[in-house]
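K.L.:
Handing you a structure now.
In UniProt numbering, the protein residues as written are 1 to 386.
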């Protein structure tokens with residue numbers, strides 16, 4: 001076996017694919033940081049709007065960046081070249097680097113899945129939705145532990161290694177399907193326009209390509225581990241060359257999953273969720289609105305949108321103020337299905353100068369109790385009180 005230092009890589013144009021890995025990883029890393037920047041911009045001010053879903057994306061992006069560093073190191077050690085072009089002194093370093101890369105990849109994938117389940121948990125109000133989001137989160141954590149442990153102690157036997165990757169990949173695909181189906185379970189029963197439902201679900205549908213990438217990665221791994229059926233050990237594989245395709249698919253899947261976790265947080269999807277479900281706008285949300293409620297979170301997330309920051313002004317102005325300074329989700333619900341809200345009505349244009357013996361002017365302030373019946377949704381609203 002020749003020394004890697006004596007190999008002229010430029011003379012082997014078809015014998016080195018390291019540049020494919022380097023360019024792909026670098027481009028995907030830049031794109032992921034751009035999406036993270038957009039997410040952080042949406043979450044400004046961070047002190048009040050950053051949630052656990054955002055922390056999961058931040059942590060996942062940092063881990064993915066570290067994974068790219070290990071990939072760059074692996075390419076420097078010979079990943080992308082045939083093993084017979086390398087010196088044996090690089091083998092131990094290269095194997096350790098690739099194992100670290102695999103561990104970081106599955107960890108970043110786990111963070112991307114957690115970001116979606118935690119976002120759904122953040123948007124959920126009904127108890128059944130909260131339970132579903134928590135169950136999904138627990139299964140994601142279990143998958144992460146299995147994937148990290150399995151990658152760290154992967155056996156040398158090719159058959160066992162192939163079975164392990166198939167198990168981890170199949171589990172990942174099932175979780176991706178759940179992360180797409182859970183928003184449908186969250187949104188579809190609600191009283192929303194069909195267009196609004198499809199818009200919200202469409203934001204989470206961007207995770208579907210991640211499942212396709214996971215399938216391609218599994219196929220590439222199976223293909224790599226099935227080249228020599230006569231010798232069931234890793235020592236017979238030209239792993240520095242055969243590992244290129246699994247690395248490419250794994251890198252793309254990792255970064256794309258992180259970016260797809262940010263797409264549902266864009267203004268388009270949050271605005272549809274806010275306007276059609278919570279029936280509130282930023283102008284109507286008072287300064288005392290509770291920020292930990294889903295409505296306050298969504299409305300605050302839209303503050304950077306210029307069109308929502310401006311409130312229309314007219315000569316006749318009516319304002320709604322709840323007695324307890326709560327938002328739409330905190331109306332006073334009664335067990336019989338009726339709803340009572342205390343409303344303060346001020347008509348600034350209707351005020352008139354009324355001369356009296358005591359003063360020159362008086363201002364009339366009228367408080368009216370408004371009662372309206374909403375019995376058809378009493379059962380659904382009752383779930384909020386559970």
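Quick reminder that beta carbons are idealized off the backbone N, C-alpha and C, glycines included.
(1) Please report the straight-line C-alpha distance between residue 19 and residue 80, rounded to a whole angstrom.
(2) Let me know the secondary structure DSSP gives residue 154 once reduced to three states.
(3) Compute the beta-carbon to beta-carbon distance between residue 245 and residue 220, rounded to the nearest angstrom, for a pair I have assumed lies under 8 Å.
(4) So residue 107 and residue 144 are in contact, right, with Cβ under 8 Å, and what is the actual spacing, rounded?
(5) Compute the distance between the beta-carbons of residue 172 and residue 98, then report whether it is under 8 Å.
(6) To the nearest angstrom, how far is the alpha carbon of residue 153 from that of residue 184?
(7) In three-state DSSP terms, what is residue 266?
(8) Thinking just about the alpha-carbon of each residue, which of 33, 72, 75 and 114 is nearest to the one in residue 51?
(9) Mark residue 155 as exposed unless 16 or more other C-beta atoms lie within 10 angstroms of its C-beta, in which case mark it buried.
(10) Could you check the C-alpha separation between residue 125 and residue 16 for me, to the nearest Å?
(11) Could you name the residues of the same chain whose beta carbon sits closer than 7 Å to that of residue 388, not counting the 5 residues immediately before and after it, in chain order?
(12) Suppose contacts are defined by Cβ-Cβ distances below 8 Å. Is residue 65 in contact with residue 77 by that definition?
(13) Rounded to the nearest angstrom, what separates residue 242 and residue 62 at their Cα positions?
(14) Using a 10 Å radius around the Cβ and a threshold of 16 neighbouring Cβ atoms, would you call residue 116 buried or exposed?
(15) DSSP state of residue 297, grouped into three classes?
(16) Could you tell me whether the Cβ of residue 120 comes closer than 8 Å to any Cβ of chain B?
(17) Can you give me the start and stop residues for the alpha helix (DSSP H) that residue 32 sits inside?
(18) Residue 81 bridges to which residues according to DSSP?
(19) Mind checking whether residue 72 and residue 22 have CB atoms under 8 Å apart?
(20) Just to check, is the beta-carbon of residue 131 closer than 7 Å to a non-hydrogen atom of the ligand FAD?
(21) Which residues in the same chain as residue 70 place their Cβ atom closer than 6 Å to its Cβ, once the five residues preceding and following it in sequence are excluded?
(22) Closest by CA to residue 200, which one among 210, 176 and 263?
(23) With distances taken from CA atoms, which of 86, 141 and 260 is nearest residue 239?
(24) Please list the terminal residues of the continuous alpha helix (DSSP H) segment that includes residue 125.
(25) Residue 177: buried (16+ other C-beta within 10 angstroms of its C-beta) or exposed?
(26) Got a sec? Which residues, its chain only, sit under 6 Å from residue 237 by beta carbon, not counting five neighbours each side?
(27) Give a yes or no on whether the C-beta atoms belonging to residue 133 and residue 142 are separated by under 8 Å.
(28) Would DSSP call residue 92 helix, strand or coil?
(29) How would you call residue 37, buried or exposed, if buried means at least 16 neighbouring beta carbons within 10 angstroms?
(30) Figure out for me which residue from 197, 162 and 54 has the closest Cα to the Cα of residue 218.
(31) For residue 105, which option in 192, 25, 83 and 128 has the closest C-alpha, if you only look at C-alpha atoms?
(32) Buried or exposed for residue 223, please, with buried defined as at least 16 other CB atoms from any protein chain shown within 10 angstroms of its CB.
(33) Output the boundary residues of the alpha helix (DSSP H) element that contains residue 197.
(34) Do residue 147 and residue 168 count as a contact pair if the criterion is CB distance below 8 Å?
(35) Kindly indicate which three-state DSSP category residue 188 falls into: helix, strand or coil?
P.N.:
Straight from the coordinates:
(1) 8 Å
(2) coil
(3) 4 Å
(4) 7 Å
(5) no
(6) 37 Å
(7) coil
(8) 114
(9) exposed
(10) 54 Å
(11) For the chain, the structure presents residues 1 to 386; residue 388 sits outside this window and is missing.
(12) no
(13) 27 Å
(14) buried
(15) Residue placement at residue 297 is flagged as unreliable, the pLDDT there being 48, under the threshold of 50; a coordinate-derived value is accordingly withheld.
(16) Absent from the structure: chain B. Only one protein chain is present.
(17) 18–42
(18) 16
(19) yes
(20) As presented, the structure is devoid of all ligands, the ligand FAD included, so that no description of it is given.
(21) 97, 100 and 101
(22) 263
(23) 86
(24) Neither: residue 125 is in no alpha helix (DSSP H) and is coded neither H nor E.
(25) exposed
(26) none
(27) no
(28) helix
(29) exposed
(30) 162
(31) 25
(32) exposed
(33) 194–205
(34) yes
(35) coil
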